[in-house]
Each structure stands twice: as C-alpha cells, then as structure tokens.
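J.: Take this structure first; my questions come after.
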Amino acid sequence: MFRLLDAKVSHIVLTGPAGNKILSVSGKDKINIAVPIMEIMNISNFCKEINFPQKQYYDIVNFCKQNKGYISFKIPKKTGEKRTILAPNQQLKSLQTKIKDFIKNKYKPLNCCHGFIEKRSCITNATTHINKKWCLNLDLSDFFPTINFGRILGLFKSNIFSFDDKLATTLAIICCYKSKLPQGAPTSPILANMICYGLDKKMIELAKKNKCIYSRYADDITLSTNLNHFPRSLAIYNDSPSFVDLSPELYKTIADSGFIVNSAKTRLSGKNKCQMVTGIVVNKKLNLKRKYYRNLRAILFNCKKEGLLATAKRNGKQNETQLKNFILGKLSYYSSIVGQEHSSYNNLCKMYNQYIEYKFKNCIYNLDELNKNSLFILENDEEMTQGTAFLAKTNKLYTCKHCIIDITKDYPGEYLKIQLKNLENKIQVYNYQNPKNKYKVKNIRLFNADVAELELVDYNTEIKFQFSEDMLEIGEICTLIGFPNYSDGATPNIQTVSIASKRKHFGYNYFTIDKFIISGASGGPILNNKNEVVGIATNGGENPEEASKTDANMFYPISDIYTSL
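Sequential numbering from 7 applies to the sequence shown in our numbering.
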C-alpha cells in the first residue's frame, strides 16, 4: 500500500527499514512521492492470515499465561547429562506450527547459519570447515532458555513484522514458557536463529578480520582457518595447545549479543589432531569416529545373539519396530557422512540383511561370500557332463549351453522343448560348501550363443552375483572362477586373467583370455575388479595340454545377454 505525498520541500531523505537511503531530493519544486505504508496487523487479521479460529487463539493465550500446555521429559546428552525437552500439547503445537510457517516468509537466514534450516544440516555445517589447519569449537550455554520473553517480544515488535502491540505480546506469550524459549516448541528454532542474527553478523565480521571462517549450528559455534597459527585475538592457548580459552574480544562479542559461553566445551584443534564439527570429523573429508561404527555393529550383532526384542529393550526401545527405525536412522546418518560406497557402511547393511531382515539390495559382497552362496557345480546325468553355474541378481542361474545339451546336434523345436523338460529331472546343482544338498532346476532357457539360463528350485539367498554394465577393454584384468574337473571336496579354482582379444565365433562376440579354461570350468563367471560378472567362460580344453593347443580360451560377454533377456 502506498500514500501519495504532495509537498513543497527544500530537502527530503527517505530511508528503508535497515537505514539505507532510498531517495534524497532538494529543491523548491513540488514533488509527488509514493511512500510505502506498512499495514499494521492485529490479532483478527493474523488469525485470518494463518487460518486459525480467533476464539481458540485467545483461549491458548490465556492457557499459556498460566504456564500450561507442555509436557516435560529428559533425553540423554552425549556427555551423559540430561537435556530437558518441553513438548507442547496438540492444540498449542498446531498454533505454533502455523506461527512458524508465517515467520518463515519473513526470515532469510545468513549463509553461516545451519541449524533448523531447510536443506541445511550438521553436515553442511561441517563441510564448511573441511581440511583446515585450525578449528576452534565453542558452545553457547543454555541456548534456548537464555532467550527470554523480553527478547522475543522485542523481535515481534521490530520492523521485521508489522504487528500491533497486542498481537506482538500475545505471540510472545504463545512462543514462550515461563518467560523463556522452550526447547521442543516448533517456533523455538526459527525464533532463536532470528535472535542470533545480530550475533552472526558480528561473528562474521570478526572472523573475516582474522582470516577465519565462521558457522553456527544452534548453540554450536565453529571458527576455522588455514593460517599457520590460530589468531590469538580470538583464542588464548599454549603452543601444545593443551590449554585454550577465548580472547576478551570474542567473549565480549558473544556477551554483547546476550549469550554466555560454556567454557568447558571450548576446544582448539590443529590439523594433526581430530577436528570435530557438530559431531563430524573434518580433518581431510567428512567422517565419523570409529566408535559410531563399533556401537552400531554391536547393536546389530546383539540382534543375532539376543533377538530383536531383547536388543530393543537394551537400547530403550519398546518393540522391534522402534528398534528397526532406530537402526535404520543411524545407518542413514552414517551413509550421509561416509557415503554408500564405504566398506564400513556396506558391512553394516549386510549385517542388517542377515540379522534382521533383507532391506539393502545393493550391498557389495566379497568374492568368498559370493562363492559360498551363489557359485554351484552343475551335473547333467543325461549328457554325463559337469560344469560351473552361478546365481545372479536376476534370480536366475547361468551356465554354458553345452553343459545342458549336445550343441553339435540339431533339435527340432518341439522336440527341444520336450528334451529340456526331461532334463529338469536329470540336472542337479550343489554348492561346494554343502555337496550333499542337491537342488533341482526348472524353466531351462537356451540362448543363441553358448549360454543357458535356469531357475533354481527351493534355494534362497540374497547374496548373488551382479551383472556389470561396464564396457570391456583389451588388457583388462579379470578373475575367472570355476570347477575344472571337479571332484568331491574341491574348492573353486580362482585365476587372475587378462583379456587378450575380441573375436567372432559362430557369429557371436567372444573375448579370449591369457589363461586356460579347463572342462568343468565352463559356465563359470568372469569378474571385474568390483566382483561384477562381465562374462561366462565357454570354450577351453579337456586338460591343460589340450587347452594350450587352442587359442579358443573364450568367454561370452555378459553385456550381450542383456539384449536377449
């Protein structure tokens, strides 16, 4: 809304809410000036704006005046102390949530502020300080309770909002409990950040003056630098530094903003010490202390040893569902810091799959785990043949076609179907770990190349070979696994091989390797350095001497199977 001024002036200056000059005019002429007028909002307007019943608004105000509406409980801190949480009742929480949503449109957080802000977190806060020579951590004591009713009332009466006195006062009553900002109310985080705006601005200037980077996550403040020595205008310390305290200037800056430093938590760390920011190690890259991994691994192991319910009770959870959510939350946080490709995270996911339930489908298994669970010896009583087979993520078993039928013969279409059906009772597969456990197959499917696909009956595992999507190159180092001339008690033959050439064989693409493929290894997987299947061993010889007389030690690329699946 604007008001048109028709005035004869000698000099006029218009300034904005922050004191910045908008317009300066001098002269004797009349001028028309459109001056913005901020519409003052009262309780009635505000309730309409947030779509909340006015009578209910007044009821909540009267309720809050009596210091009612909260449930108090304590949660443990990392230090072993207890933190008091004040949770508002449903009616009060509903109004506070609407107030918070209204305030969000008036607040633009500074870049240094990371706590309770959308798309920012303790991770973005820690990222600011990665790989610095020095890192200073300090903590504001009693952060939320330090912000009292008077400060909140002053905020609501400021130029940021256009509230009349009654609305500002009632909002401060609603957002405070016993004249303090309650930790647990939806409005408290955003109000605390707005109250800290002045502190943040001062700290940014102080950090810039001392060639440091400043950030704040709620009550957790960090200053870091790549200077060879941390500025003594910010911290007083021994050269070790086994002793550290803040400088008078830094103390004064924080005190002038209405906060108190918890000196017991002040810490200065050089690059050769563990540098922590909001619980995250930042020395070279984001990481967590080993203790986090060990604790989570112990919880997962207890799930196997003691059962889910007993483990839930041990960790303060009421039931198995709460325990699962607790563990999944810790796993999610762990992966957000170290990444999903990290071996430790991968190990924890595998433990969850094994001890609780199958949840994580993209776990990376080592070669021993894959061989023990998804590598098989295949015997065909009809053809008196023996080969190797492996179970893939497609939930199908793969081997060579010549281990299933005589590929030198020509089978009429209908006869082949009958023959394959009959072979379901003639073929047995088993793992070298448990050769007495024989499994049947069904739904045999033959590819045009020397590859066969089968379904394994009554066998379950989540540890399966993964097909690779990478393109193969000559000279690439791979691993060949199989059971050449298998006999009872034999373990897989594992060879490191190199791709020697690419060639056509009976019209199909094949790759040759620089090692021998011996009968029985046919159907074995060829793996890349990530233990993903890149091919299936097909051609070789009955023995090393025969294999040495041919250049046809070949495997069929798994990428070509995709076009047939």
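Beta carbons are placed, not taken as given, at the ideal position from N, Cα and C, and that holds for glycine. As the structure is a computational prediction, the values presented were derived from the model and not from experiment.
(1) Taking only runs that begin and end inside the region 80-162, name each unbroken beta strand (DSSP E) of 3 or more residues, in chain order.
(2) Go ahead and pull the three-state DSSP assignment for Leu403.
(3) Judging by CA-CA distance, which residue of Lys83, Ala261, Thr259, Leu240 is the nearest neighbour of Asp251?
(4) Ends of the beta strand (DSSP E) at Ser572?
(5) Any idea what DSSP makes of Asn449, helix, strand or coil?
(6) When the Cα of Phe169 is compared with those of Lys112, Ala270, Gln324, Lys277, which residue comes out closest?
(7) For my contact list, Ser504 and Asp520 are in at a C-beta cut-off of 8 Å; report their separation, rounded to the angstrom.
(8) List in chain order: all unbroken alpha helix (DSSP H) runs of 4+ residues lying wholly within the region 278-357.
(9) Do Leu376 and Phe522 have their beta-carbon atoms positioned less than 7 Å apart in this structure?
(10) Where does Thr175 sit, in a helix, a strand or coil, going by DSSP?
(11) Can you tell me whether Val67 is helix, strand or coil according to DSSP?
(12) Please report the Cβ distance between Ile180 and Cys70, rounded to the nearest whole angstrom; I am assuming they are in contact, meaning their Cβ atoms lie under 8 Å.
(13) Quick check on the DSSP output: the beta strand (DSSP E) that includes Glu459 runs from which residue to which?
(14) Would you tell me roughly how many angstroms separate the C-alpha atoms of Ile158 and Thr231, rounded to the nearest one?
(15) Using the C-alpha atoms, what's the distance from Ala132 back to Ile49?
(16) Phe517 to Thr391, Cα distance in whole Å?
(17) Pull up the distance between the alpha-carbon of Leu314 and that of Leu354, whole angstroms please.
(18) Determine the closest residue to Ala224 out of Leu205, Asn216, Glu211, Leu212, with distance taken between C-alpha atoms.
(19) With a threshold of 7 Å on Cβ separation, who are the neighbours of Thr103 within its own chain once the five nearest residues in sequence on each side are excluded?
(20) Expressed to the nearest angstrom, what Euclidean distance is found between the alpha-carbon atoms of Lys279 and Val539?
(21) With Glu430 and Lys444 assumed to form a contact (beta carbons below 8 Å), what rounded beta-carbon distance in angstroms separates them?
(22) Taking the alpha helix (DSSP H) that Tyr257 falls in, what are its first and last residues?
(23) Would you tell me roughly how many angstroms separate the C-alpha atoms of Arg238 and Lys330, rounded to the nearest one?
(24) Specify, as a first and last residue, the run of the beta strand (DSSP E) that Gly541 falls within.
(25) In this structure, does DSSP put Met477 in helix, strand or coil?
T.: With the given structure in hand:
(1) 88-94, 140-145
(2) strand
(3) Leu240
(4) An answer regarding residue 572 cannot be provided, because it is not within the stretch 7 to 571 covered by the chain.
(5) strand
(6) Lys112
(7) 5 Å
(8) 296-312, 314-320, 326-344
(9) no
(10) helix
(11) helix
(12) 6 Å
(13) 458-462
(14) 34 Å
(15) 41 Å
(16) 24 Å
(17) 16 Å
(18) Leu205
(19) Pro192
(20) 43 Å
(21) Actually they are not in contact, since the Cβ atoms of Glu430 and Lys444 sit about 13 Å apart, beyond 8 Å.
(22) 254-262
(23) 48 Å
(24) 538-545
(25) coil
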